[in-house]
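Read in the working numbering, the sequence shown has 125 at position 100, and its numbers run on one by one without any break.
Read through the structure below, which is laid out as structure tokens, and then see the notes.
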Amino acid sequence: HRSALPLSHAVALHRDLQSVVREGLLLHSPTVPERMFGRLHLLFLCVPRGGAAGGSRGRNPFERLRWDEWYGVLDRNQAIGELGDRLGATRAFAMRMVRAGRGHCGAEREAHSRLAAAAALGDVIEGRACAADLAEAWNPVSDGAEIGAGTLQQLQADACTNAAMAANMSREAGWDALATLLEGLSKELDGGAVRELAGLMEVARDGVFGFAMTAARARALYKAGIRSPEEAAAASEDDVAAALLRALYK
């Protein structure tokens, strides 16, 4: 198949994609006004799968969860909790696992692992913090795997590959609208910069001083209130330098 996926993973992915085509992508919630809701659903489709699907591209570092920590994430973040309830990774199951401890393998446990990976990747591509801080925040959720900045980078690369393969599968199946969304997600994961930073990322390399815009520099400028090339040109040198120094020492 032109998706280039192992057969077991291809069958599981096709089932998920077919479900999205039939039931629709979860783009929004009546109770959660977060624009990232739909992106989380796409990420859920593309993160590496556990043993239930077999043969997946990449490894999910959240295959084993610390259920008390993960339930806390579901409880605090309404978007993740509600999406999980609608994708078979329910808060009720997580609470049962908190009480029961280890054990109970199965589809719902795998769904929780995929949702945790999708939520962590959502934070990465939203640029909520630098990679080291995000790794520190998500490390307590994983039971057994040490989550570092490199772990999140590898997860991002694996999801990017899977998104491209899922897009190929969707295109071959005639699901063009879904294929377009998945292609966009693959490009976003590959670029490593969120759409809010797109304008700043277009700043060209300076041929004289050798300066080149990076995602970290763009994010630092954005957080400092400098959100476009025009605003960067109008800002004082001291303000720009201070923001870039914060990126350097992250």
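All residues carry an ideal CB built from backbone N, CA and C; glycine is no exception.
In the DSSP output, which residue or residues are listed as bridge partners for residue i?
i	result
Ser167	Leu90
Helix, strand or coil for residue i per DSSP?
i	result
Arg84	coil
Gly152	coil
Trp200	coil
Pro73	coil
Leu51	coil
Gly147	helix
Arg116	helix
Ala260	coil
Arg242	helix
Ser195	helix
Ile251	coil
Asn187	helix
Ile105	helix
Gly224	helix
How about residue i and residue j: are their beta carbons less than 8 Å apart?
i	j	result
Ala204	Ala188	no
Ala143	Leu68	yes
Val321	Ala184	This structure leaves residue 321 out entirely; the chain is present only between 26 and 275.
Val119	His137	Residue identity check: residue 119 is Ala in the sequence provided, not Val. Yes, the pair counts as a contact, with Cβ atoms nearer than the cut-off.
Leu50	Ile150	no
Ser253	Leu210	no
Arg89	Gly169	yes
Leu70	Asp110	no
Arg244	Gly147	no
Val265	Val166	no
Glu171	Arg74	no
Let me know if residue i comes out buried or exposed under the rule of 16 or more other beta-carbons within 10 Å of its beta-carbon.
i	result
Leu32	exposed
Ser261	exposed
Gly106	buried
Please tell me whether, using a cut-off of 7 Å, the distance from the CB of residue i to the nearest non-hydrogen atom of the ligand PLP is below it.
i	result
Leu159	This structure lacks the ligand PLP; in fact it carries no ligand of any kind.
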